[in-house]
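Engineer: Numbering follows our numbering, in which position 477 of the sequence shown is assigned residue number 460; successive positions increment by one, without gaps.
Every residue, glycine too, gets a C-beta built ideally from N, C-alpha and C.
Everything numeric in this text was worked out from a predicted model, so none of it was measured.
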Amino acid sequence: MEAAAVARRYRVPLHTRHAIARAVRLGLRPLKAEPPLRLADWGRQHFKLTADSSHERGAWQPWPFQIGWLDAFSNDDIEQTDVRKAKRTGYTKCLVAFIGYNAAHRRRKQGLWQPTDDDRDSFVKTEVEPMIDAVPAVRAARRSGKGAEDTIKFKAFRGSVAHFLGGKAMRAYRRITLDVAMLDEIDAFDLVVEKTIDPVTGARGRLEGAPYPKLIVGSTPRLKGFSHIERQEAAADARLRYRITCPLCDCEHPLVFGDGKIAHGFKWDKTAYKPHETVRHVCPHCHGGITQADYLRVWQHGAWVCDATGLRYGADRTWRNARGDEVRPPRHVAFVGLWAAYSPQRSWPDIVREYREAVAAQKAGDSGPLQGFTNETLAEVWEEEYEKTDHSLLQRRAKAEGLPMAVVPRGAGVLKTFVDVQADRWEYVTWAYGPQGESWAIEYRVIYGNTGDWAEWEAKVEPLLDLVYPTATGTKLAVSALGIDTGFQTHLAYAFARKHKARNVHATKGESQPGKPIKAKRSLMDIKTSGRVIRKGVALWHVGTDTAKDLIHGRLQLEGSGPGRMHFAAELPDTFFTGLTAEQRVPVRTVRGLEHRWECPSGKRNEPLDCTVGCIFLAELDDLPRWTDRQWARVLGSLEPDLFEAAAPAESAEQPGDQAAREAAPPKAEPVHTSTPKRPLPPRAAAPLGSDEWHSRL
Ligand SMILES: [Zn+2]
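1. For L460, count neighbouring Cβ atoms within 10 angstroms of its own Cβ and tell me buried if that reaches 16, exposed if not.
2. Run through the stretch 560 to 606 for me and flag every whole beta strand (DSSP E) of 3 or more residues, listed as ranges in chain order.
3. According to DSSP, is I61 part of a helix, a strand, or is it coil?
4. What is the residue span of the alpha helix (DSSP H) that R481 lies within?
5. What does DSSP give as the partner residue(s) for P453 in the beta ladder?
6. Three or more C-beta pairs under 8 Å: does that hold for the stretch 348 to 360 against the stretch 507 to 517?
7. Between the C-alpha atoms of P327 and K151, what's the straight-line distance to the nearest angstrom?
8. If you drop the 5 nearest sequence neighbours on each side, which residues of the same chain put their C-beta closer than 6 Å to that of R187?
9. So what does DSSP say about Q93, is it helix, strand or coil?
10. Relative to the C-alpha of K70, which candidate in G271, A323 and L166 has its C-alpha closest?
11. Mind reading off the beta-carbon distance from R224 to D170? Whole number of angstroms is fine, and I expect it under 8 Å.
12. Classify T75: buried if its beta carbon has 16 or more other beta carbons within 10 angstroms, exposed otherwise.
13. Going by the C-beta, is H268 closer than 7 Å to any heavy atom of ligand 1?
14. Out of curiosity, what's the CA-to-CA distance linking Y411 and F401?
15. I want to check one thing, is the minimum distance from the CB of L231 to the heavy atoms of ligand 1 below 7 Å?
16. Please go through the same chain and pick out, in chain order, the residues whose beta-carbon is closer than 8 Å to the beta-carbon of C431, but skip the five residues on each side of it.
17. Between R157, K532, T473 and I501, which lies nearest to D509 when the distance is taken from Cα to Cα?
18. May I ask you to check if the CB of C234 is nearer than 7 Å to at least one heavy atom of ligand 1?
19. Just verifying my parser: in three-state terms, what is the DSSP assignment at R0?
20. Excluding sequence positions up to five away, which residues of its chain have a Cβ less than 8 Å from the Cβ of D220?
21. By the DSSP assignment, the alpha helix (DSSP H) with M114 in it spans what residues?
22. Using C-beta distances below 8 Å, list every residue in its chain close to F471, excluding the 5 sequence neighbours before and after it, in chain order.
23. Just how far apart, CA to CA, sit T228 and T184?
24. Any heavy atom of ligand 1 closer than 7 Å to the CB of G271?
25. Under DSSP, the alpha helix (DSSP H) around V342 begins and ends at which residues?
26. Indicate whether A145 and A86 have their beta-carbon atoms separated by less than 8 Å.
27. Helix, strand or coil for T357, going by three-state DSSP, please let me know.
28. Would you identify the three-state DSSP class for T134, choosing helix, strand or coil?
29. CA-CA distance, A553 and D349?
30. For the beta strand (DSSP E) holding Y74, just list the boundary residues, first then last.
31. Start and end of the alpha helix (DSSP H) containing Y278?
32. According to DSSP, is W440 helix, strand or coil?
33. Out of T561, I50, A565 and G457, which has the shortest C-alpha to C-alpha gap to G620?
34. Report the three-state DSSP secondary structure of G272 (helix, strand or coil).
35. Secondary structure at M388, three-state DSSP: helix, strand or coil?
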């Protein structure tokens, strides 16, 4: 019974009745919820295009293909939505509408990641803040007054919050809990954030415990094999393309570019005065051609359809299976192939002109424009011939040479070890160097442990300071410097380098800009461990990793013995060779134009390469590439067995020299780990410039 009816029945005075009714209304207000609207409908009612971020002003009318995206965003049955799209297809507007919808209509905690902090700042300033100001429903939901936080990173609404994050740092994927996680331009994110986690997994982790978890992953695609959006799509339950109904034959098909390889899609008259102006889209069924104007007359009757299963979401805005029965949508949907021809903001002739110009540029040797066209207009990943070394070739070469593991070969006189740090392990490689850049990989090992625990550094990494290897000539040689990568567990790595500075331990940080010197620069860093800060407590070396990788790639192509040749112990594991050759030299579009960078395809491990780069840096630090023949002769001479000792009368029946040889080269050829190492005396001329502390202790 209604409160007012109760009051009438019990003859409550009128003013009291009104007071009761008012109290009841007030009491119920917090419980009152608007029935949830789908995002496309909420957008039509509430969303406005703002002057700052769009050419149009006023009420928003989503384009037909956007309705599928929007409804999927707001559908609680769908946990993940991937959108691969071209530029200027209005995706950003849809995402911003969803942010407004979450804040004003659903009151859900949301987080949005952009590739970098700068991207985040500009997105919030040019898209989010103007939207909040322009859309009354969102403005009304905004929390204001004392204690209401409002920054570029965080905005508070009644009953919800919004976080805006840059995707480069691991800390951006920690702590917050969300109902909705959005990753924008995901292909511009690092493949792995700070060596720990891929950004999609990181963002998904923030949704744990949400009653209706929601993950939105959108991007213009980039490089094949390095594309987050491609990986996400591959894992989706349905991959949907937007199909239109042909106005000529009533059959359904998606718009495709065609490009002479297939009989349908975009076609133009190459002999015409202005070929691009003759463009038509040819139907795969009736082979009739339509213009962009014809397309815009039928586009609102299109449907998103999965080629594999026939699952569809069409103009009736209902999920249906191939038979036409209504079904629940899948948990993970991917909208693919939304290229520029679908957008009313790109003219079809303009697309053809861009393509023709890109092809002409490629013929002249610049594939940059064609890559741009493929990614940003066709919404396809770009594939190209990469520079890369074949690992099986190197392995065959190593077997043929047959060098033993963990033994310093003849011709090498200086050892460098570099340690790469991962969450659950350290990996190290020891390289032996000889004159003129010739080098030998003699050992690769993985040490498992918790790299976040200082005690484990002491127990597991410290023994590496005492690495001594037998030589092929029957003596022993100690490692002369140890490098530690600080990209992960940065402060523990700093602390380790500081503690063992006197033993030639160097902290390094890789920098991938092209053309950067291998020994780029040295800076003093603060160390923060267990709540303590040591100001400028450690010297950090910046290493030009791409320059070193160019050098390695070039050297790996050389066979035989001699200057620059790289050799490998025959028994190094497969993972060493696949890791050493994991990366590919790929073109990257930057503000400076097309540049080439070494990149590791997703899912591949590259630690042996990182360790090799680190050893090349340590060799640079010792100036090895510039040592004179005399310097090398002294070092190598010191490794020859002591002829005087060998010629001395033997105490037993053994042949002279046998004992020394057996000691130096045990059958299993394991490196000798001792707490009080007996180090060979390095020749004076071999002492590295500037970093002689460790050597002088010998
Ligand atoms: Zn047709």
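Structural biologist: In terms of the structure at hand:
1. Classification for L460: buried.
2. Runs found: 567 to 573 and 576 to 582.
3. Taken through DSSP and simplified to helix, strand or coil, I61 comes out as coil.
4. For R481, the enclosing alpha helix (DSSP H) has its first and last residue at T473 to K482.
5. Looking at the DSSP output, P453 shares a beta bridge with K459.
6. Short answer: they don't touch.
7. Taking the straight line joining both Cα atoms gives about 34 Å.
8. Around R187: L198.
9. Annotated three-state conformation of Q93 is strand, per DSSP.
10. Nearest option by C-alpha distance: A323.
11. At roughly 19 Å, the Cβ-Cβ gap does not stay under 8 Å, so R224 and D170 are not in contact.
12. Per the 10 Å Cβ criterion, buried.
13. Yes.
14. In a straight line, the C-alpha of Y411 is about 5 Å away from that of F401.
15. The answer is yes for L231.
16. For the record, residue 431 in the displayed sequence is Tyr; it is not Cys. Excluding residues up to 5 positions away in sequence, D407 and R408 lie with their Cβ nearer than 8 Å to the Cβ of Y431 in the same chain.
17. Nearest neighbour of D509 by Cα position, chosen from R157, K532, T473 and I501, turns out to be T473.
18. Relative to ligand 1, the beta carbon of C234 is positioned inside 7 Å of a heavy atom.
19. The answer is helix: DSSP assigns R0 an H, G or I state.
20. Once the five neighbours on either side are set aside, the close Cβ partners of D220 are P313, R314, H315 and V316.
21. Annotation: the continuous alpha helix (DSSP H) that includes M114 extends over E112 to A117.
22. Spatial neighbours of F471 in its own chain (CB-CB distance under 8 Å, excluding positions within 5 residues in sequence) are listed in chain order as E177, K178, T179, V404, Q405, A406 and T434.
23. Going by the C-alpha atoms only, they are around 38 Å apart.
24. Result yes, Cβ under 7 Å from ligand 1.
25. Counting along the chain, the alpha helix (DSSP H) containing V342 begins and ends at W331 to K346.
26. Between A145 and A86, the C-beta gap is smaller than 8 Å, which places the two residues in contact.
27. Correct three-state label for T357: helix.
28. For T134, the three-state secondary structure derived from DSSP is coil.
29. Cα to Cα, A553 sits roughly 41 Å from D349.
30. Per DSSP, Y74 lies in no beta strand (DSSP E); the unbroken alpha helix (DSSP H) holding it starts and ends at Y74 to Y84.
31. Here the alpha helix (DSSP H) through Y278 covers Q275 to V281.
32. DSSP places W440 in helix when its eight states are reduced to three.
33. Residue G457 is the option with its Cα nearest to G620.
34. Secondary structure at G272: strand, using DSSP grouped into helix, strand and coil.
35. Of the three classes helix, strand and coil, the one that applies to M388 here is coil, per DSSP.
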